[in-house]
Amino acid sequence: MIEQHLPILQIIVPLIAAPLCVLLRHAKLVTGFAILACWVTFGLAVLLLDQVVTTGVVTYELGGWAAPWGIEYRVDALSAFVLLFVSGIGAIVMSYAPRSMASEIAEHRRYLFCATYLLCLTGLLGIAITGDLFNLFVFLEISALSSYTLIALGGKRQALPAAFQYLVMGTIGATFILIGIGLMYMMTGTLNMADMASRLELADGVRTTLVAFGFLSVGISLKMALFPLHLWLPNAYAFAPSVVTAFLAATATKVSVYILLRFVFSVFGIGFAFETMPLDAILMPLALIGIFVASTVAIFQSDIKRMLAYSSVAQIGYMVLGISFASITGLTGGIVHMFNHALMKGGLFLAMGCIVLRLGSVEIDDMRGIGRRMPFTMAAWVVGGLGLIGVPVTVGFISKWYLIQAALERNWWPVAVLVLMSSLLALVYVWRVVEVAYFKEPSERASAASEAPLSMLIPTWVLIGATLFFGLSTSASAGVARRAAGLLLGGSP
Amino acid sequence: MRPDTSIQLALALPLVGAALTGILGKRPNLREVGTLAIGLATFLVVVSLLPSVLEGGRPSARWFEVLPGLAIAFRLEPLGMLFALVASGLWIVTSLYSIGYMRARDEDHQTRYYMAFAVSIFGALGVALAQNMFTLFVFYEVLTLSTYPLVAHHGTDKAMRGARTYLAVLLSTSIGFLLLAVVWTWSIAGTLDFTDGGILAGKAEEPVVLALLGLYAFGTGKAALMPFHRWLPAAMVAPTPVSALLHAVAVVKAGVFTVMKVVVYIFGLDLLRDTGVGVALMYVAGATIIIASIVALTKDNLKARLAYSTVSQLSYIVLGAALANSWGVIGGSMHIAMHAFGKITLFFCAGAIYVATHKTEISDMRGIGRTMPFTTFAFLLGSLSVIGLPPMGGTWSKWYLALGAADAHQVLFLGILMVSSLLNIAYLMPIPIRGFFSAPPVDSPSSGIREAPLFCVVPLCLTAVGCIVLFFFAGEIARLLEPLVGGTAAVGGVP
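Line order of the protein sequences matches chains A and B.
1 is the number of the first residue of the first sequence in the working numbering; add one for each residue after it.
1001 is the number of the first residue of the second sequence in the working numbering; add one for each residue after it.
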């Protein structure tokens, strides 16, 4: 009975929980309630993935309206995978939030934080679950608007301009996407993705379709911060509260990558995107340039949160690179890197949150000697950093392995070499911090610091531990990613 | 105990050791007893595996299947056995020496030091026991990362610079070249298992084999082939026992071990010989041997001279691998053990001199033999072994290598080996000779014997004696290594 309604529950639970937070209002009560809601959502995602693995694609008709007319939720391996890690990270970060919020967000705003956080989660999950294009746009806006609010909650004054900048860029992106969807609707007269894919075959090569494709790819690239459309991201991540940075960095851009995958492979189809349109010839250079430029910029940041934000821009490059190969191995690499990077960056930003709590600063100079004062936090940071470099036994290695293999399969030597060389840039920016944290005399702030509380350390280590676990046992992560890649390339939506 | 279990134990013990030293960090005496006990236990476990390997057993273990067909797995074969014995055996001596050195110097961060040391032994044993190239690569990186805190130990700007060079060279070669080579091999051969006779035969064209060999040889930065040798002199900033770890116990040995292992089990000797690509590697190794020896001559800092000497000696092993015949491979592999004992003695002596007199420059060491007779004599023995004179272990490995060069009709390289021995004499012998026969500097208080602490002197005497003992056991080592070259046919003439 309940199994049938899993897809809708996945969305309804966080969506209803959000306004309830506003009604409850009491700070402690609200956080407890939000944590509960997040974990329930995660539990539903687990059940859903299980269902997808055993029975195949799960569909759900909203309000009982049959597919092309009504809104359809459609969960395949890829969506279930995205749902799982987005809700998982959402739950872990929320469990971490109470202690971190206490120092960064004023008490009378905490219930608002919880409400917007849940709304943002709803939006992100909705994007992954829906099979309807307009519905996707609506969820996109829900997640975007709530993330602007979340960023603006940051304590520093710069948080407001950062949020505003993101608002402007995000809205441009969303508008492009909306125009794209509008044009597609014009061409096909339907909003259901599966239906649209089959009708598009008839309308292949018409100029309107080409224009729609252009609008959509630019809009989505803006949303996922693909170089050179990434300018909103570093400020937004640097000035948002730690919890928000961790949550958004781990989920928001990944979901945008998911949208790209959906449009390119499920709606337009691989033939159109890569043969009629030269998508690979555009994405691959941008991805590679983005990796190198953003990693280089990261090296010169003194604000470590900002440094990690630039690193995120670079990591988006790896995902897009994987997609641009348009092969099973490449796609597997891209998809598994969505997941892997979510774990690494989530863990790293949570560790940064611990440092903010104890140090009150994220400047590299203040982090001198912190390794001895906060051994567990910094150990987590180092493991996460090693993941970014792609050291074996961490998840980062798995992603790179697939990407290099995909490049070799196509005989694109320079790409394989570039991917490897980019790891060295990551080494430089990660190692700056390691050196300072472990081999310098403690700074004033560091000598006054003590280890972060368990309520923050445990969630941090859950994510960091996961980067090690999935670096050793990849049958779950890379296995599902491969399945999703096969599904996408098989042409079935 | 079954050999398969022993393998797991050999890998687990150093990790237990690391944890133990961490827990006992506040109580130095207990911590160091723990380190020694664990070291001894590890060595005994490794030794217990020897009979089974000699009988042709190949104990194995399997940990994780990371990607389909790609597992972290272990399988002990003769070459790995040799390396494991060297690494675990010398760990004990080095620990003894560390205790003397670190206490005499009153160093900070000793707990971190012993922990990192134990983890690096874990890495070295993982390299030795690896069943496939992927596992080897993983542990190779474990070794790189775990030795970094040791090199950076002092935390001064100079130490940090040295450690940065160390890490930068080792990681950029291993990620830039070695990993590429590994993935490439995987995509050509579909497997990375170390297999007798190699896995690339018949699957790759000659240019591809050449490119792969280059990637493997230069990618193994730890083998210090020029021009990727800079990290080794840079790492001199580390405390002396760490230099011993780098130069003898684990790090460089892991490098040349990797080259040897790749040549024997990935390429296969036949493939290298038939395609003739080994010759290119021979030239690189030959050039490194000569150039590094000449550079060593110019260094007045004792540790720097020894570092360049190591760069040169490592290329003997690479040369042996590149020759790809029975003599070359056995000689090269044997040189792993021979050079380890010789060079560790020399470094221990350098450290003992530093602890006792604070001298680092060779020109200041005139007459040192009068105050430190044991140390200087051990230095003499170590030098003789590195040069390759009887009755020292180093004799045999050079003998085999020379035979290998002759067998391959590479007269040039036969010449290089001989010239190199002369150069070795030129840069090593003056030190003990001046130590014994020159008059000490006028300003130094000359009377009486003032050796370094016992914990420093005993280990260096042990390893010096080890050099002599190895002279008589070379035959055993050769017998252990015979399966590498497919049987007994080509090897003989050893006592």
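Every residue gets a Cβ at the ideal spot worked out from N, C-alpha and C, and that includes glycine.
Beta-carbon gap between B/ILE1289 and B/TYR1316 smaller than 8 Å: Yes.
B/GLY1219 at chain A interface by Cβ criterion, 8 Å: No, B/GLY1219 does not count as interfacial toward chain A.
Under 7 Å by beta carbon: chain A residues contacting B/TRP1184: Simply LEU408.
Min CB distance B/MET1102 to chain A below 8 Å: It does not; no Cβ of chain A falls within 8 Å.
N- and C-terminal bounds of the alpha helix (DSSP H) containing A/PHE397: Looking at the DSSP string, the run of the alpha helix (DSSP H) that includes A/PHE397 is 395-409.
Contact list for the segment 463-480 of chain A against chain B, Cβ threshold 8 Å: The residues in question are GLY471, LEU472, SER473, THR474, SER475 and ALA478.
4 or more residues per run - each alpha helix (DSSP H) lying fully within the segment 446-483 of chain A: Runs found: 454-472.
As assigned by DSSP and simplified to three states, the class of B/ARG1027: It is coil, neither helix nor strand.
Through-space distance from B/GLY1219 to B/GLY1394, alpha-carbon basis: Using only the alpha carbons, I get a separation of about 27 Å.
Contact list for the segment 281-302 of chain A against chain B, Cβ threshold 7 Å: Taking 7 Å as the Cβ-Cβ cut-off against chain B, none of the residues of the segment 281-302 of chain A qualify.
Closest by C-alpha distance to B/LYS1158, when choosing among B/ALA1235, B/ALA1124, B/GLU1107 and B/LEU1225: Selected option, being the one with the closest Cα: B/ALA1235.
Residue-level contact to chain A via CB, B/VAL1066, 8 Å cutoff: B/VAL1066 counts as touching chain A.
Those residues which DSSP pairs with A/PHE113 across a bridge: Beta-bridge pairing links A/PHE113 to no other residue.
Proximity below 8 Å, CB of B/TYR1148 to CB of B/LEU1136: The answer is no: Cβ separation not under 8 Å.
Beta-carbon neighbours of A/MET338, restricted to chain B and to distances below 7 Å: Those within 7 Å of A/MET338 in chain B number zero; the least Cβ separation is about 18 Å.
First through last residue of the beta strand (DSSP E) which encompasses B/GLU1065: Segment 1060-1067, the beta strand (DSSP E) holding B/GLU1065.
Buried versus exposed call for A/GLU435 [16 or more other C-beta atoms within 10 Å across all chains shown]: That one is buried.
Within 8 Å, strictly: CB atoms of A/ALA238 and A/ARG157: No, the pair does not count as a contact, with Cβ atoms beyond the cut-off.
Status (buried if at least 16 other CB within 10 Å, exposed otherwise) for A/LEU29: Per the 10 Å Cβ criterion, exposed.
Option nearest A/ILE71 by Cα separation, candidates A/GLU61, A/ALA80, A/ALA77 and A/LEU78: Nearest option by C-alpha distance: A/GLU61.
Check whether B/VAL1355 and B/CYS1461 have beta carbons under 8 Å apart: No, these two residues do not count as a Cβ contact at 8 Å.
Bridge partner(s) assigned by DSSP for A/ARG74: Beta-bridge pairing links A/ARG74 to A/THR59.
Beta-carbon gap between A/GLU107 and A/ALA212 smaller than 8 Å: The Cβ-Cβ distance between A/GLU107 and A/ALA212 does not fall below 8 Å.
Same chain only: Cβ atoms within 6 Å of B/ILE1496, ignoring 5 sequence neighbours per side: Residue 1496 of chain B is absent from the model: chain B starts at 1001 and stops at 1495.
Cβ pair A/ILE177, A/PHE139 closer than 8 Å: No. Outside cutoff.
Interface partners of B/PHE1137 on chain A, CB under 9 Å: Chain A residues near B/PHE1137: PRO392.
Separation of A/LEU388 from A/PRO68, as counted between CA atoms: Approximately 43 Å, taken between the alpha carbons.
Bridge-paired residues (DSSP) for B/LEU1070: BP columns for B/LEU1070 point to B/LEU1067.
Closest by C-alpha distance to B/GLY1057, when choosing among B/MET1226, B/ARG1002, B/ARG1164 and B/PHE1377: Residue B/ARG1002 is the option with its Cα nearest to B/GLY1057.
B/LEU1381, buried or exposed, once every other Cβ within 10 Å from all chains shown has been counted against 16: Buried, since its Cβ has 16 or more Cβ neighbours within 10 Å.
Continuous alpha helix (DSSP H) stretch holding A/PHE339: start and end: Secondary structure note for A/PHE339: its alpha helix (DSSP H) is the uninterrupted segment 328-359.
Integer-rounded CB distance, given that B/ALA1217 should sit under 8 Å from B/GLY1278: Actually they are not in contact, since the Cβ atoms of B/GLY1278 and B/ALA1217 sit about 10 Å apart, beyond 8 Å.
Proximity below 8 Å, CB of A/TYR429 to CB of A/SER295: Yes, Cβ-Cβ distance for A/TYR429 and A/SER295 is below 8 Å.
Residue-chain proximity (B/LEU1179, chain A), Cβ-Cβ < 8 Å: Among the residues facing chain A, B/LEU1179 is included, as its CB has a counterpart in that chain under 8 Å away.
Span of the alpha helix (DSSP H) around B/ASP1274: 1269-1275 is the extent of the alpha helix (DSSP H) around B/ASP1274.
Inter-stretch contact (C-beta, 8 Å, three-pair minimum) for the segment 320-333 of chain A and the segment 402-411 of chain A: Because the criterion of three Cβ pairs below 8 Å is met, the segment 320-333 of chain A and the segment 402-411 of chain A touch.
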